[in-house]
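Numbering (my numbering), first residue to last: -11 to 430.
What follows is the structure, encoded as structure tokens:
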């Protein structure tokens, strides 16, 4: 068939593109940029293609349209109203006029409850499609897992922690592997069209799971032993969700917390029929994946924030001590030994304290970018190196101090080098498609 696919650079869309092409379909991708390995590309900006006239030229001889565009958080012109409502409705109307027999809309399980803006906007487009005189199919996956997905990476981090943090009041989930979702979508595309038979198809895992059970099964899939769970009060989770809303980059925000409380479960009959077998179990999600690399990545996911917090604490406490908690005259005496004149000692003491406090606060703040964070680590490396060299030269007795004040700088420098290399690699441009653009599974 000749298929128009939107969202082909996304987490699910990129996999669906490859699967449809392997099945021999002619796939045309509509979007702002051509995805890797795409044979056909039609340039269009989903956020501005808000009338059916924008879409009609793209639908010549198209047999099926699959819309996988979706966002979990708004940014600029990428709004729920534009991307989830206006553009899809314009596309669906154009499909009716162009005589497209089948339209498949990727939505999410539970959007009919409309408790968040994400759900409300998705449900509006879903209902609009189902009311049109064509074969409209609304696909509603539950929590989608893919080892290279952003949300999956966060769940693996939680599963790899020494204690499993479990929010009080969370509902059940029914995780489904992304490969099963793609296979089911391909089966829906391949099936004979049924004009006017709008329907909703839930895509879920084999059974509902509590969040604790899900994380424990992921932990086992990583090859880690079971551990205890730490129940986190709902009020504290809500506070973390509010902070995630401010950050704009965290997996957990107020919308995600609302949907997590709501749960995401449904019958597995449809997906089992489409796949010809039951969907895979959570324990099989990581089969064939590089477990050693995934374990390391998951552990670094919670260890690196812990290291950042420890560094911030060192800088902030050091700054507060220099501002007066430590006797000022003793600080001046140490500065005098290093060669600082009395006239400059207040400037050096309080200027250094302010610099320490500033570095500590900057370490705690959410990064503007990985490149900015890498520069922050370089600045801390340089400052500690200068401190160490000056003290080693002017106060060499500190090398023999029983508390090891200078020696402790060495592991701190090693931590900073690790953080710098991590951020530097994160800011480097990718040379291959990661297949994970703005993926949110809830």
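Every residue gets a Cβ at the ideal spot worked out from N, C-alpha and C, and that includes glycine.
Expected contact under 8 Å - CB spacing of residue i and residue j to nearest Å
| i | j | result |
| --- | --- | --- |
| residue 107 | residue 251 | Not confirmed; about 13 Å, so no contact. |
| residue 263 | residue 172 | 6 Å |
| residue 65 | residue 35 | 4 Å |
| residue 200 | residue 152 | 7 Å |
| residue 86 | residue 47 | 4 Å |
| residue 125 | residue 57 | Going by Cβ atoms, the distance from residue 125 to residue 57 rounds to 16 Å, so no, they are not a contact pair. |
Rounded separation between residue i and residue j - CA only
| i | j | result |
| --- | --- | --- |
| residue -9 | residue 271 | 34 Å |
| residue 224 | residue 231 | 11 Å |
| residue 425 | residue 327 | Caution is warranted here: a pLDDT of 33 is assigned to residue 425, below 50, making its placement in the model unreliable, and the coordinate value is therefore given only provisionally. For residue 425 and residue 327, the distance between alpha carbons rounds to 55 Å. |
| residue 67 | residue 33 | 13 Å |
| residue 278 | residue 145 | 15 Å |
| residue 396 | residue 359 | 27 Å |
| residue 343 | residue 248 | 41 Å |
| residue 100 | residue 71 | 18 Å |
| residue 376 | residue 158 | 49 Å |
| residue 316 | residue 400 | 26 Å |
| residue 245 | residue 289 | 20 Å |
| residue 334 | residue 198 | 58 Å |
| residue 391 | residue 59 | 52 Å |
Residue j beta carbon less than 9 Å from that of residue i
| i | j | result |
| --- | --- | --- |
| residue -6 | residue 120 | no |
| residue 380 | residue 371 | no |
| residue 148 | residue 274 | no |
| residue 206 | residue 143 | yes |
| residue 368 | residue 404 | yes |
| residue 302 | residue 176 | no |
| residue 362 | residue 412 | yes |
| residue 229 | residue 240 | yes |
| residue 94 | residue 54 | yes |
Per DSSP, the bridge partner or partners of residue i
| i | result |
| --- | --- |
| residue 133 | 165 |
| residue 66 | 63 |
| residue 90 | 52, 123 |
| residue 188 | 126 |
| residue 17 | -7, 29 |
| residue 220 | 155 |
Same chain only: Cβ atoms within 7 Å of residue i, ignoring 5 sequence neighbours per side
| i | result |
| --- | --- |
| residue 73 | 109, 112, 113 |
| residue 350 | 364 |
| residue 194 | 256, 266, 267, 269 |
| residue 410 | 292 |
| residue 422 | Only weak support exists for where residue 422 lies, its pLDDT of 32 falling under 50; the value from the coordinates is given anyway. Cβ neighbours of residue 422 beyond the five flanking positions: 136. |
| residue 340 | 310 |
| residue 202 | 161, 163, 270 |
Close Cβ partners of residue i (< 6 Å) along its chain, the five nearest in sequence each way excluded
| i | result |
| --- | --- |
| residue 431 | Any property of residue 431 remains undetermined from this structure, which presents the chain solely from -11 to 430. |
| residue 192 | 130, 162, 164, 254, 256 |
| residue 429 | Note that residue 429 has pLDDT 31, beneath the 50 cutoff, so the model's placement of it is unreliable and no number is given. |
| residue -11 | 13, 51, 52 |
Same chain, Cβ closer than 8 Å to residue i, neighbours up to 5 away in sequence not counted
| i | result |
| --- | --- |
| residue 322 | 383 |
| residue 214 | 204, 207, 208 |
9 Å Cβ cutoff, residue i in contact with chain D
| i | result |
| --- | --- |
| residue 43 | In the structure shown, chain D does not exist; there is a single protein chain. |
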